[in-house]
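Visitor: The following block contains the structure, expressed as structure tokens.
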Ligand SMILES: Cc1cc2nc3c(=O)[nH]c(=O)nc-3n(C[C@H](O)[C@H](O)[C@H](O)COP(=O)(O)O)c2cc1C
């Protein structure tokens, strides 16, 4: 171990906890089960911020990973070495992109970011339901706003060599008191397009403070048409994705599918959190208003994913999100039509080795069923043998 004035370097087999000449200390085993009981005594939002700070300061050694070639995935022309990405909401300020890549995620969605800085709802605004491996949050888009977020993106972009920038997307949410929603999304699209592979338009929010009228047919059509128009004018064109809520009636699903097909949007993320409270959610916190995420929304969001895959005839690339915490969960999303998978809540319950565990489990499942790649298994539940 050597000590410098600024940092403690722990040297093991020529590797360190910090990036030193391309080497990163990595752990061969998962220590999170030992730490979790202590972490879960902390307030969930405090624990989240602590995790961000530890990651930022590279105090969480990443897992040692080997990605099986069968996990190779494709999404609208992007090629990824596996399909597991980080969902929006974990790195809301675009501060730990490379650190999340080191944990093994193959894509990172940063944000959601709103046009102007806004504090979000008063605290407490996030609850852990440990028995159900679920979270309820009603942050209501606490955001640093476009300008500061852009500066973070610029710093990341400048400091990261081209070949290491990976697949990064930005999630844009409309802010409070936004007179023209479409313009807010267009401004964000134009600002962040040079730095990212995809831009997600979040038209879903289960919190009572923001309504979901953007998911109504005419409004959604008008919004997506204006966005497509703005997108056409860009020199560097990131993929344009739309993210929907987990709570859709059959009619709403039909409408969204029609509009997305008509507008030529590149893809869809299915889904955001849910306002539902399954009866199995046995906790006093279940009564808190906000979006439910984690295991209890897996079935709901996966069913919606399959519905969207069928309604769009498999023509719109889908990212499956909601309640993924194992390789089997990811595999089910893929078979229901997801080309990529995202997670957030299982990072809290399974820890920084979650991607390692999921990718290993997923590779075994694909091989068991004779798939040579993730792509071959996409939508398998709806394809003839
Ligand atoms: C604390 C928290 C913050 C979130 N913030 C955002 C956000 O800003 N924008 C967004 O589109 N989704 C946001 N989400 C939703 C997640 O991206 C994801 O769609 C949802 O949590 C379901 O996935 P999961 O069950 O793996 O967590 C947030 C979720 C959580 C738990």
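In our numbering, the protein residues as written are 847 to 1231.
All C-beta atoms, glycine included, are put in the ideal place defined by N, C-alpha and C.
Just verifying my parser: in three-state terms, what is the DSSP assignment at residue 871?
Guide: For the purposes of this step, residue 871 is taken as the residue at position 25 of the chain shown. Coil at residue 871, not helix or strand.
Visitor: In terms of residues, what are the limits of the alpha helix (DSSP H) holding residue 900?
Guide: Numbered from its first residue, the chain shown carries residue 900 at position 54. Residues 890-902.
Visitor: Between residue 902 and ligand 1, is there a pair consisting of the residue's CB and a ligand heavy atom that are separated by less than 7 Å?
Guide: Along the chain shown, read from residue 1 onward, the residue named residue 902 stands at position 56. For ligand 1, not one heavy atom lies less than 7 Å from the Cβ of residue 902.
Visitor: Could you check the C-alpha separation between residue 900 and residue 1108 for me, to the nearest Å?
Guide: Walking along the chain shown from the start, residue 900 turns up at place 54. Walking along the chain shown from the start, residue 1108 turns up at place 262. Cα to Cα, the separation comes out at about 44 Å.
Visitor: Could you pull the start and end residues of the beta strand (DSSP E) that residue 932 belongs to?
Guide: The residue labelled residue 932 in the question sits at position 86 within the chain shown. First-last of the beta strand (DSSP E) with residue 932: 930-932.
Visitor: Figure out for me which residue from 976, 1133, 908, 1200 has the closest Cα to the Cα of residue 889.
Guide: Numbered from 1 along the chain shown, position 43 holds the residue referred to as residue 889. When each option's Cα is compared against that of residue 889, the closest is 976.
Visitor: Should residue 952 be labelled buried (16 or more other beta-carbon atoms within 10 Å of its own) or exposed?
Guide: Stepping through the chain shown from its first residue, residue 952 is reached at position 106. Residue 952 comes out buried.
Visitor: Residue 981 bridges to which residues according to DSSP?
Guide: Taking the first residue of the chain shown as 1, we reach residue 981 at position 135. Paired residue(s): 974, 1139.
Visitor: Note down the Cα distance separating residue 954 from residue 1190, rounded to an integer number of angstroms.
Guide: Stepping through the chain shown from its first residue, residue 954 is reached at position 108. Stepping through the chain shown from its first residue, residue 1190 is reached at position 344. Approximately 11 Å between the Cα atoms of the pair.
Visitor: Okay, do the region 899-919 and the region 994-1008 touch, 3+ Cβ pairs below 8 Å being the bar?
Guide: Flag = no, the region 899-919 and the region 994-1008 do not touch.
Visitor: Is any heavy atom in ligand 1 found nearer than 7 Å to the beta carbon of residue 1088?
Guide: Residue 1088 sits at position 242 when you count from the first residue of the chain shown. Not under cutoff, so the answer is no.
Visitor: Can you tell me whether residue 1129 sits near ligand 1, meaning its C-beta is under 7 Å from at least one heavy atom of the ligand?
Guide: Translated into positions along the chain shown, residue 1129 becomes position 283. No.
Visitor: So what's residue 1227 in DSSP terms, helix, strand or just coil?
Guide: Against the chain shown, residue 1227 aligns to sequence position 381. Three-state result, residue 1227: helix.
Visitor: Which term fits residue 1037, buried or exposed, when burial requires 16 or more other beta carbons within 10 angstroms of its beta carbon?
Guide: For the purposes of this step, residue 1037 is taken as the residue at position 191 of the chain shown. Burial call: buried.
Visitor: From residue 970 to residue 985, what does the alpha carbon distance come to, in whole angstroms?
Guide: Here residue 970 refers to the residue found at position 124 of the chain shown. Here residue 985 refers to the residue found at position 139 of the chain shown. Each residue's Cα considered, the two are about 9 Å apart.
Visitor: Would you mind working out which of 1150, 1225, 1143, 1155 sits nearest residue 1181, comparing C-alpha positions?
Guide: Counted from its first residue, the chain shown places residue 1181 at position 335. Considering only alpha carbons, the answer is 1225.
Visitor: For residue 1049 and residue 1187, what's the separation of their Cα atoms in angstroms?
Guide: Here the question's residue 1049 lines up with position 203 in the chain shown. Here the question's residue 1187 lines up with position 341 in the chain shown. Between residue 1049 and residue 1187, the C-alpha separation is close to 19 Å.
Visitor: Using a Cβ distance threshold of 8 Å, determine whether the region 1126-1143 contacts the region 869-881, with at least three qualifying pairs required.
Guide: Contact fails: fewer than three Cβ-Cβ distances are below 8 Å.
Visitor: Restricting to runs no shorter than 4 residues, where is the alpha helix (DSSP H) found entirely within the region 1017-1096?
Guide: Taking only runs of at least 4 residues, the alpha helix (DSSP H) segments lying wholly in the region 1017-1096 are 1027-1038, 1063-1078.
Visitor: On the CB-based measure, 16 or more other CB atoms within 10 Å of its CB, does residue 979 come out buried or exposed?
Guide: Taking the first residue of the chain shown as position 1, residue 979 is located at position 133. Counting Cβ neighbours within 10 Å, residue 979 comes out buried, since at least 16 surround it.
Visitor: Just the Cα atoms here: how many angstroms apart are residue 1072 and residue 1015?
Guide: Residue 1072 sits at position 226 when you count from the first residue of the chain shown. Residue 1015 sits at position 169 when you count from the first residue of the chain shown. For residue 1072 and residue 1015, the distance between alpha carbons rounds to 20 Å.
Visitor: Give the single residue among 992, 911, 1216 whose Cα lies nearest to the Cα of residue 940.
Guide: Residue mapping note: residue 940 aligns to position 94 of the chain shown, counting from 1. The shortest C-alpha separation from residue 940 is found at 992.
Visitor: Does the beta carbon of residue 943 fall short of 7 Å from some heavy atom of ligand 1?
Guide: Here the question's residue 943 lines up with position 97 in the chain shown. Flag unset: Cβ of residue 943 not near ligand 1.
Visitor: For residue 922, which three-state DSSP category applies?
Guide: Taking the first residue of the chain shown as 1, we reach residue 922 at position 76. Of the three classes helix, strand and coil, the one that applies to residue 922 here is coil, per DSSP.
Visitor: Out of 1017, 1022, 1119, which one is the CA nearest neighbour of residue 956?
Guide: Start at 1 with the first residue of the chain shown, and residue 956 comes out as number 110. Residue 1017 is the option with its Cα nearest to residue 956.
Visitor: Please report the distance separating the alpha-carbon of residue 1198 from that of residue 965.
Guide: Start at 1 with the first residue of the chain shown, and residue 1198 comes out as number 352. Start at 1 with the first residue of the chain shown, and residue 965 comes out as number 119. Using only the alpha carbons, I get a separation of about 28 Å.
Visitor: Within 10 angstroms of its Cβ, does residue 1044 collect 16 or more other Cβ (buried), or is it exposed?
Guide: Indexing the chain shown from 1 puts residue 1044 at position 198. The residue is buried, with at least 16 neighbouring Cβ atoms inside 10 Å.
Visitor: Along the chain, where does the beta strand (DSSP E) containing residue 885 start, and where does it finish?
Guide: By one-based count along the chain shown, residue 885 stands at place 39. Where residue 885 is concerned, there is no enclosing beta strand (DSSP E), although the alpha helix (DSSP H) it sits in stretches over 878-885.
Visitor: Could you check if residue 1230 is buried or exposed, using at least 16 other CB atoms within 10 Å of its CB as the buried criterion?
Guide: Locating residue 1230 in the chain shown gives position 384, where the first residue counts as 1. It counts as exposed.
Visitor: When you compare only the Cα positions, how much space is there between residue 981 and residue 1003?
Guide: Your numbering for residue 981 matches position 135 in the chain shown. Your numbering for residue 1003 matches position 157 in the chain shown. Roughly 32 Å between the two C-alpha positions.
Visitor: In three-state DSSP terms, what is residue 1188?
Guide: On the chain shown, position 342 is the one that residue 1188 refers to. Looking at residue 1188 - three-state DSSP - the assignment turns out to be strand.
Visitor: Please determine, among 912, 1031, 983, 1211, the residue with the shortest C-alpha to C-alpha distance to residue 1120.
Guide: Mapped onto the chain shown, residue 1120 falls at position 274. Nearest option by C-alpha distance: 983.
Visitor: In three-state terms, what does DSSP make of residue 1150?
Guide: For this step, residue 1150 is matched to residue 304 along the chain shown. In the structure shown, residue 1150 sits in a helix (DSSP, three-state: H, G or I).
Visitor: Here's the rule I'm using: 16 or more other beta-carbon atoms within 10 Å means buried, otherwise exposed. How should residue 892 be labelled?
Guide: For the purposes of this step, residue 892 is taken as the residue at position 46 of the chain shown. Flag for residue 892 reads exposed.
Visitor: Within this structure, are the beta carbons of residue 1167 and residue 1111 separated by less than 8 Å?
Guide: Mapped onto the chain shown, residue 1167 falls at position 321. Mapped onto the chain shown, residue 1111 falls at position 265. Not closer than 8 Å, so no.
Visitor: Looking at the secondary structure, which residues open and close the beta strand (DSSP E) in which residue 1218 lies?
Guide: By one-based count along the chain shown, residue 1218 stands at place 372. Where residue 1218 is concerned, there is no enclosing beta strand (DSSP E), given that its DSSP letter is neither H nor E.
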